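Reviewing the structure listed below.
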Amino acid sequence: MLIIQVTFPILEELRLKQTDTVKGTWHSQVLSIECFRKLKVLELICIPEESTVLPYCFIQSLPNLEKLVLSDASFYQIFQSEELSDEERHASALTRLNELRLSKLPELTHLWEEGFQPIPIFYNLRILEVLECGKLKTLVPSLVSFENLTNLEVSKCHGFINLIACSTAKSLVLLERMSITDCEIIEEIIACGGDEMEGGIVFTRLKYLQLSCLPSLASFCLGDHNFEFPILRKVIVRGCPKMKIFCQADLSAPKLKQVQMTEEEEKGRWEGDLKTTIKQLFEEMNVGHSEATEVTN
Numbered sequence: 041m042l043i044i045q046v047t048f049p050i051l052e053e054l055r056l057k058q059t060d061t062v063k064g065t066w067h068s069q070v071l072s073i074e075c076f077r078k079l080k081v082l083e084l085i086c087i088p089e090e091s092t093v094l095p096y097c098f099i100q101s102l103p104n105l106e107k108l109v110l111s112d113a114s115f116y117q118i119f120q121s122e123e124l125s126d127e128e129r130h131a132s133a134l135t136r137l138n139e140l141r142l143s144k145l146p147e148l149t150h151l152w153e154e155g156f157q158p159i160p161i162f163y164n165l166r167i168l169e170v171l172e173c174g175k176l177k178t179l180v181p182s183l184v185s186f187e188n189l190t191n192l193e194v195s196k197c198h199g200f201i202n203l204i205a206c207s208t209a210k211s212l213v214l215l216e217r218m219s220i221t222d223c224e225i226i227e228e229i230i231a232c233g234g235d236e237m238e239g240g241i242v243f244t245r246l247k248y249l250q251l252s253c254l255p256s257l258a259s260f261c262l263g264d265h266n267f268e269f270p271i272l273r274k275v276i277v278r279g280c281p282k283m284k285i286f287c288q289a290d291l292s293a294p295k296l297k298q299v300q301m302t303e304e305e306e307k308g309r310w311e312g313d314l315k316t317t318i319k320q321l322f323e324e325m326n327v328g329h330s331e332a333t334e335v336t337n
C-alpha cells in the first residue's frame with residue numbers, strides 16, 4: 041500500500057468545515073509534526089457526528105498553535121490526559137496556545153478530567169470563550185491556573201452550578217474582562233466551599249464584569265472570602281432575581297461608581313458601594329414582584 045504524506049511547511053491558518061476527511065486527517069498514522077509545523081490557527085467547524093473525541097495526539101502535533109476554535113461538533117472531551125505518559129504530559133505541546141473558543145458543543149462534558157495533573161495547555165491562555173455547551177458542568181479542574189488569562193466569556197451553558205474554584209480564581213491576576221450570561225442553573229461564579237485559603241481573592245486587572253440572565257445566581261461567591269477589585273469600573277447586572285448579595289465577606293472596589301442594567305445605560309444605580317447596591321436592587325425587585333403578585337390575585 042502506497043502512503044503519500046502531504047506537508048504544509050509554511051501554513052499558519054487552517055479552517056476545516058463539514059467534511060468527512062477531518063477524522064481521517066487527525067487519526068492518520070502518517071501525520072507528523074512536519075505536516076503543520078508552523079500552524080498558528082486551527083478552526084474545526086461542523087465536524088461529523090461520529091467524531092466524538094478530539095484526539096490529543098493530533099493537537100500535540102501543532103507546536104506553534106496559538107488559537108483553537110471548535111464549533112458545531114459532538115466532542116464530549118477536548119483534552120485527553122489518559123492518552124499521555126508522564127513524560128509526554130510535561131513535554132506537551134500547546135504551550136503557545138493563547139486563545140481557545142468553544143461553541144455549540146452540545147455533548148461536551150469537560151475540557152479536562154478532574155483528578156489528572158494538568159499539562160501546560162492553559163498556562164499562556166489569554167482568551168477563553170465557551171458558548172452553548174449545555175452539558176458542560178465544570179469549566180476546568182481545581183488544579184488549573186489561568187495566570188495569563190485576560191478575557192473570560194461564558195454564555196448559554198446550562199450545566200454549570202458554579203464556574204471556577206477559589207484556587208483557580210486566585211490565579212486570575214491578569215483578568216481584565218469577565219462576562220457570564222444566560223446560564224440557567226448557575227448559583228455562584230466562584231465556588232470556595234470549605235477551602236482554607238490564606239488572604240482574599242484579588243482581581244488586580246479586572247475592569248469589566250457582566251452578570252446577565254442568570255436566574256439561579258445567588259451570589260458572586262457564597263464562601264467566606266474577601267474580594268478586591270482595585271480598578272473595576274464597569275459592572276452590569278441584569279436578570280439575576282435571586283442575587284441577594286455580591287459576596288459574604290468584605291469587598292473593595294474603589295473605582296466603581298455605579299451598577300448598570302445594560303451595556304448602553306449611561307447612569308446606573310449606586311448606593312455607596314457594590315454590596316449595598318446589589319442588596320438594594322434585590323430588595324426592590326422582590327418588592328416589585330410582591331406587588332405584582334398582589335395585583336394579580
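Residue 41 is where the sequence shown starts when you use my numbering, and the numbers rise one by one after that.
The beta carbon of each residue, even a glycine, is placed where N, CA and C say it ideally should be.
Model, not experiment: these values are computed from the prediction.
Checklist entry - Helix, strand or coil: how does DSSP classify T61 here? => result The sequence position of residue 61 within the sequence shown is 21, counting from 1. Low confidence applies here, because T61 scores a pLDDT of 49, under 50, leaving its location unreliable and the question unanswered by this model.
Item to check | Start-end ranges of the alpha helix (DSSP H) lying completely within the stretch 223-261, minimum 4 residues | outcome: Taking only runs of at least 4 residues, no alpha helix (DSSP H) segment lies wholly in the stretch 223-261.
Item to check | Minimum C-alpha distance to S143 - residue among W152, L137, L134, L176 | outcome: Within the sequence shown, the letter at position 103 stands for residue 143. That would be L176, whose Cα lies nearest to the Cα of S143.
Next on the checklist: For I318 and S182, what's the separation of their Cα atoms in angstroms?
Outcome noted: Reading the sequence shown from its first residue, position 278 is the one you call residue 318. Reading the sequence shown from its first residue, position 142 is the one you call residue 182. Roughly 28 Å separates the two Cα atoms.
Checklist entry - Among residues of its own chain, excluding the 5 on either side of T149, which ones have a beta-carbon nearer than 6 Å to its beta-carbon? => result Here the question's residue 149 lines up with position 109 in the sequence shown. Cβ neighbours of T149 beyond the five flanking positions: Y116, K175.
Item to check | Backbone secondary structure at F267 - three-state DSSP | outcome: Here residue 267 refers to the residue found at position 227 of the sequence shown. F267 falls in the strand class under three-state DSSP.
Next on the checklist: Assuming contact is defined by CB atoms lying nearer than 8 Å, are I276 and T302 in contact in what I supplied?
Outcome noted: As a position in the sequence shown, residue 276 is number 236, starting the count at 1. As a position in the sequence shown, residue 302 is number 262, starting the count at 1. Cβ distance < 8 Å, so I276 and T302 count as in contact.
Checklist entry - Within 10 angstroms of its Cβ, does E331 collect 16 or more other Cβ (buried), or is it exposed? => result As a first step, residue 331 is located in the sequence shown; it is residue number 291 there, counting from the start. With a pLDDT of 48 at E331, under the threshold of 50, the modelled position of that residue is not reliable, and no figure is offered here.
Next on the checklist: Measuring straight from C-alpha to C-alpha, what distance separates G240 and A205?
Outcome noted: In the sequence shown, residue 240 corresponds to position 200, counting from 1. In the sequence shown, residue 205 corresponds to position 165, counting from 1. Their backbone Cα atoms lie some 13 Å apart in a straight line.
Next on the checklist: According to DSSP, is A289 part of a helix, a strand, or is it coil?
Outcome noted: In the sequence shown, the residue the question calls residue 289 occupies position 249. Collapsing the DSSP output to three states places A289 in coil.
Next on the checklist: So, for D222: in the same chain, excluding its five sequence neighbours on each side, which residues have a beta-carbon less than 6 Å away from its beta-carbon?
Outcome noted: Looking up residue 222 in the sequence shown gives position 182. Once the five neighbours on either side are set aside, the close Cβ partners of D222 are S195, K196, C253.
Checklist entry - DSSP state of I318, grouped into three classes? => result Counting from 1 along the sequence shown, the entry for residue 318 is found at position 278. DSSP places I318 in the helix class (H, G or I) of the three-state scheme.
Checklist entry - Which residues mark the beginning and the end of the beta strand (DSSP E) in which K107 is found? => result As a working mapping, residue 107 is identified with position 67 in the sequence shown. Counting along the chain, the beta strand (DSSP E) containing K107 begins and ends at 107-111.
Next on the checklist: What residue range does the alpha helix (DSSP H) around T208 cover?
Outcome noted: Mapped onto the sequence shown, residue 208 falls at position 168. Its alpha helix (DSSP H) spans residues 206-210.
Checklist entry - Cβ of L251 within 8 Å of Cβ of C280? => result Mapped onto the sequence shown, residue 251 falls at position 211. Mapped onto the sequence shown, residue 280 falls at position 240. Yes; because the gap between Cβ atoms is below 8 Å, this pair is in contact.
Next on the checklist: Quick check on the burial criterion: 16 or more other C-beta atoms within 10 angstroms. Buried or exposed for T61?
Outcome noted: Translated into the one-based positions of the sequence shown, residue 61 becomes position 21. Caution is warranted here: a pLDDT of 49 is assigned to T61, below 50, making its placement in the model unreliable, and no coordinate value can be reported.
Item to check | According to DSSP, residues forming a beta bridge with M325 | outcome: In the sequence shown, counting from the first residue as 1, residue 325 sits at position 285. Answer by DSSP bridge pairing: none, since M325 is not bridged.
Item to check | Nonlocal neighbours in the same chain, by C-beta distance under 6 Å from N164, ignoring five residues either side | outcome: On the sequence shown, residue 164 is found 124 positions in, with the first residue counted as 1. Only N138, N188 meet the Cβ criterion.
Item to check | Three-state secondary structure assigned by DSSP to Q117 | outcome: Residue numbering aside, residue 117 sits at position 77 when the sequence shown is read from its first letter. Note: Q117 maps to strand in three-state DSSP.
Item to check | Buried versus exposed, by CB contacts within 10 Å (16 or more), E52 | outcome: In the sequence shown, residue 52 corresponds to position 12, counting from 1. Exposed.
Item to check | Outcome for C86 when other beta-carbon atoms lying within 10 angstroms are tallied against a minimum of 16 | outcome: On the sequence shown, position 46 is the one that residue 86 refers to. Counting Cβ neighbours within 10 Å, C86 comes out exposed, since fewer than 16 surround it.
Checklist entry - Going by beta carbon distance, what residues of the same chain come within less than 6 Å of Q298, once the five residues before and after it are set aside? => result In the sequence shown, residue 298 corresponds to position 258, counting from 1. Here the set comprises G308, W310.
Checklist entry - So who's on the other strand from R141, going by DSSP bridges? => result Numbered from its first residue, the sequence shown carries residue 141 at position 101. Beta-bridge pairing links R141 to V109, E169.
Checklist entry - Taking the alpha carbon of F243 as the point to measure from, which residue in K284, C232, S292 has its own alpha carbon closest? => result Residue 243 sits at position 203 when you count from the first residue of the sequence shown. Checked all of K284, C232, S292; the closest Cα to F243 is S292.
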